[in-house]
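Structure first, then comments.
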Amino acid sequence: MNHVRRCLVLVCDVSDIRSLPGLRLWFLLPVLLFTGETAARDPNVVFILVDDWGVTDAAVLGSDFFETPAIDRLAADGLRFTQAYAASPVCSPTRAAILTGRSPARLDMTIWHEGARDGGPKDRPLLNAVSRPNLPREEVTLAELFRAKGYATIHIGKWHLGRAAWYPETQGYDLNVGGTCWGAPVSYFYPYRGAWSASDPELRYVPIGPGKEGDYLTDRLTDHAIEAVRRHRGEPFFLSLWFHTVHTPIMGKPKLVRRFQNRSPGAVHRHAEYAAMIACLDDNIGRLLSVLEELDLADDTIVVLTSDNGGVDFPSRRSGNRPPTSNAPYRSGKGTLYEGGIRVPLIIRWPGRTQPNGICRIPVTSQDFLPTFAAGCGLADDLPAESDGISLMPLLDNPEADLGRDTLYWHYPHYYPRMTPGSAVRQGNWKLIHYYEGDRTELYDLASDEGETTDLARQHPDRVRRMRQLLDTWRTSVQAKAPRPNPDYRAGTP
Ligand SMILES: [Ca+2]
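Those letters in the sequence shown? Residues 2 to 495, by our numbering.
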């Protein structure tokens with residue numbers, strides 16, 4: 002690491018004092034006045050969040066089609082987590098959990114921004130639980146903690162945590178480039194806009210400054226990140242680079258799309274445009290990491306790379322009616338509480354802490370980032386009492402360390418195209434999913450069945466009862482909101 006030696010070197014010409022008794026020679030007297038032990042400069046933090054990035058969506062993560070040399074290199078330089086989870090199977094709640102260290106259920110932010118405003122379907126047996134569309138400004142965010150420590154705080158890219166009165170500038174960021182209530186661009190090509198909602202002008206654009214035809218959003222966001230890094234090279238910075246990619250619409254740069262169209266698709270991953278988006282993401286991560294090297298900042302910069310929910314494994318109009326990805330061997334994808342919906346990639350390169358080629362198999366989750374940075378970067382001690390994460394610092398030193406945590410919880414009391422309202426708990430390798438409709442539970446043994454193919458609830462009634470009790474106790478403790486019976490629902494009607 003580039004330690005900044007906080008000392009003052011006084012080079013004294015002793016000619017002035019050579020008349021002192023016993024001092025007849027000319028010489029230089031170096032005097033080192035230490036102001037303290039050798040002190041590390043506060044490390045920078047680059048937090049890269051990729052939208053909807055599936056758990057196997059990189060070569061190093063097992064893809065048989067995607068090309069990701071920069072991400073693979075970052076993994077080789079740092080610590081890769083094989084059991085990292087998003088706090089939620091959808092966007093906004095996970096983002097809120099990253100920033101606050103608190104569970105989406107405790108925050109009452111359990112569905113994405115537009116979903117909270119819309120309220121969900123009115124023709125199903127239940128009505129979605131009430132959810133906040135905006136992250137309350139009273140919440141203590143990572144950006145506020147870093148700013149209080151003297152960091153420059155920069156947000157670039159997708160925000161999706163509220164309307165204008167809750168934009169990054171109101172949550173501790175000095176600079177916001179492009180962060181709005183938008184969940185996705187209409188187009189990845191300049192000017193990244195369209196008449197998505199005629200009634201809501203805030204939904205229409207990603208404001209990232211001037212551009213020209215052909216500009217690609219992922220490239221431009223990285224340009225802004227690089228510019229910010231250069232500008233703040235001399236001071237500690239906390240940079241949230243939260244890409245819109247690889248969320249729909251699935252649109253790659255033509256040259257990259259052709260590259261993958263000319264290749265044989267994999268058995269698991271096959272979507273050429275999506276592969277092009279992943280390749281472009283990778284190019285840009287590589288570009289940013291090169292700039293850190295060029296500026297001699299790499300050894301002073303913590304890099305985190307992760308996703309906000311599982312990969313999209315279902316087709317839609319905005320993905321060319323083909324599934325963008327597959328989360329195999331994990332079941333399902335975005336919007337569900339199966340592993341494919343909540344398990345995400347996570348790589349941490351923490352200079353001086355993580356070792357190259359590290360692999361950690363301990364389950365971790367989005368709520369852990371705030372306590373990790375609080376401990377590892379010496380942020381304020383007076384963290385909110387009701388935190389739902391724990392510091393991962395022990396795992397950075399020893400990937401097999403015991404965190405002393407046995408359970409993780411998820412709460413998604415909303416409908417999603419393939420999912421009815423539910424919650425889940427993982428205890429050790431057992432996972433129980435509770436669905437509110439019909440008060441139904443499923444039980445899986447992830448140790449022997451990571452693909453959640455066999456529901457063991459009937460075979461293990463005692464375990465189901467115990468885990469359900471754990472889940473109920475947790476839901477009560479965080480005051481989780483439940484879906485409500487729909488008074489207008491008539492069984493048998495569409
Ligand atoms: Ca997302």
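For each residue, glycine too, the CB sits at the ideal point set by N, CA and C.
All values reported here derive from a predicted model rather than from experimental measurement.
| Query | Result |
| --- | --- |
| So for residue 159, helix, strand or coil by DSSP? | coil |
| Mind checking whether residue 272 and residue 326 have CB atoms under 8 angstroms apart? | yes |
| Three or more C-beta pairs closer than 8 angstroms, one from the region 120-130 and one from the region 140-154: is that the case here? | no |
| Starting from residue 54, trace the alpha helix (DSSP H) both ways and give me its first and last residue. | No alpha helix (DSSP H) holds residue 54; DSSP gives it neither H nor E. |
| Can you confirm whether the region 141-160 touches the region 233-240 when touching is taken to mean that 3 or more C-beta pairs between the two stretches lie within less than 8 angstroms? | yes |
| If you run the structure through DSSP and keep just helix, strand and coil, what is residue 381? | coil |
| Taking 6 angstroms as the limit between beta carbons, can you name the residues of its chain near residue 43, skipping five residues before and five after? | 237 |
| Quick check on this structure: which residue in 180, 105, 50 and 100 has the alpha carbon closest to the alpha carbon of residue 88? | 105 |
| Just to confirm before moving on: does the CB-CB distance between residue 99 and residue 367 stay below 8 angstroms? | yes |
| Is the region 286-305 touching the region 319-339 in the sense that three or more CB pairs, one from each, lie closer than 8 angstroms? | no |
| Compare the Cα-Cα distances from residue 251 to each of 428, 269, 217 and 172 and report the closest residue. | 217 |
| Leaving out the 5 sequence neighbours to the left and right, which residues in its chain are closer than 8 angstroms to residue 469 when beta-carbon positions are compared? | 433, 435 and 442 |
| Measuring from the CB of residue 309, is there a heavy atom of ligand 1 at a distance below 7 angstroms? | yes |
| For residue 359, name the three-state secondary structure that DSSP assigns. | strand |
| Should the region 349-367 be regarded as contacting the region 450-457, the criterion being three or more beta carbon pairs within less than 8 angstroms? | no |
| Going by beta-carbon coordinates alone, are residue 418 and residue 484 separated by less than 8 angstroms? | no |
| Where does residue 497 sit, in a helix, a strand or coil, going by DSSP? | Here the chain has residues from 2 to 495 only, and residue 497 is not among them. |
| Ligand 2 and residue 52: does any heavy atom of the ligand fall closer than 7 angstroms to the residue's C-beta? | The model depicted lacks ligand 2 and carries ligand 1 instead. |
| Considering only residues of the same chain and omitting the five flanking positions on each side of residue 391, which have a CB-CB separation below 7 angstroms? | 369, 372, 404 and 406 |
| Compare the C-alpha of residue 437 against each of 486, 183, 192 and 258 and name the closest. | 486 |
| Taking residue 183 as the reference, which of 176, 162 and 96 has the closest Cα? | 162 |
| What's the C-alpha gap between residue 32 and residue 301? | Low local confidence applies: a pLDDT of 38 at residue 32 is under 50, so the model's placement there is unreliable, and no value is given. |
| Buried or exposed for residue 90, please, with buried defined as at least 16 other CB atoms from any protein chain shown within 10 angstroms of its CB. | buried |
| Under 8 angstroms: do the region 351-358 and the region 274-292 share three or more Cβ pairs, one atom per stretch? | no |
| Any heavy atom of ligand 1 within a distance shorter than 7 angstroms of the CB on residue 92? | yes |
| Measure from the alpha carbon of residue 165 to the alpha carbon of each residue in 474, 114 and 266, then state which is nearest. | 114 |
| Run the proximity test for residue 156: is its beta-carbon closer than 7 angstroms to any non-hydrogen atom belonging to ligand 1? | no |
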